[in-house]
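Have a look at the structure below, then the notes.
Numbering (this note's numbering), first residue to last: 72 to 304.
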């Protein structure tokens, strides 16, 4: 007899919001390079997403470097690149300054690839930008993250943000097969699996339970039944 059931949650009951309630994905973790950015272009220059206020702050910092580096000794009253860097919160060294000068020549603060390159220079760790599409036309985000911190990539975060995944609950059974305890919140992005066996494997790993003692239940269809009650007149 199985000791556990992994049961797919009905899509209408998914709750992916708490997936991102994790300080480990923000600078609150104690390491800025843990910060994960998910950027959605809302049109007309507006953006939204995850850690978006911090991302806008990085954009502002990058824009200032672009503009002020282009006007050293001019109307901006800055006499050196070092002064610009220090004024906008970037620790100076000659190598970093050289990299920023080269970057600023063609950079666009609205381009996630350029922001990833900017973060690479100022943090000393490699950042990248990855595009993620959802199920519907127009569902699209850019994920900017530090490769050194997210060694397995961060595409799945973008997918979960767009709703491209499944949620499961893990149910414990007693010796008679009766359900005695359940735990929800096992969220798997589409890119993390390629068949049903993979869903079972990954959730068992996360829950710390034996695959051989576990039954997987996947939704195989649904139906809605309407019943009419009549009154006699």
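The beta carbon of each residue, even a glycine, is placed where N, CA and C say it ideally should be.
Inset, instruction - Determine contact between the region 167-178 and the region 188-204, defined as no fewer than three beta-carbon pairs at a distance below 8 angstroms. - result: Contact holds: three or more Cβ-Cβ distances are below 8 angstroms.
- Query: Of the choices 129, 236, 92, 142, whose alpha-carbon is the least far from that of residue 83?
  - Reply: Comparing Cα positions, the closest option is 236.
ask   = Which runs of the beta strand (DSSP E) spanning at least 3 residues fall entirely within the region 210-249, listed in chain order?
value = Segments of the beta strand (DSSP E) lying fully in the region 210-249: 211-217, 236-244.
In this structure, what does DSSP give as the bridge partners for residue 109? According to DSSP, residue pairing for residue 109 in a beta bridge involves 121, 214.
Worksheet entry | Where residue 304 falls, given that 16 or more other Cβ within 10 Å makes a residue buried | By the neighbour-count criterion, in which a residue is buried when 16 or more other Cβ atoms sit within 10 angstroms of its Cβ, residue 304 is exposed.
4 or more residues per run - each alpha helix (DSSP H) lying fully within the region 123-210: The region 123-210 contains these whole alpha helix (DSSP H) runs: 123-140, 152-158, 165-175, 183-194.
Classify residue 105 as buried or exposed, calling it buried when 16 or more other Cβ atoms lie within 10 Å of its own Cβ. Result: buried.
(message) Does the contact criterion of 3 or more C-beta pairs under 8 angstroms hold for the region 120-128 versus the region 291-301?
(response) Fewer than three pairs of CB atoms, one per stretch, sit closer than 8 angstroms, so the region 120-128 makes no contact with the region 291-301.
**Message:** Here's the rule: buried if 16 or more other CB atoms are within 10 angstroms of the residue's CB, otherwise exposed. What is residue 254?
**Reply:** Taking all protein chains shown into account, residue 254 has fewer than 16 neighbouring C-beta atoms within 10 Å of its C-beta and is therefore exposed.
Open item on the list: Pop quiz: residue 212 and residue 75 are said to be a contact at Cβ under 8 angstroms. What is the actual Cβ separation, rounded to whole angstroms?
Closed with: Rounded, the Cβ-Cβ distance is 34 angstroms, inconsistent with contact.
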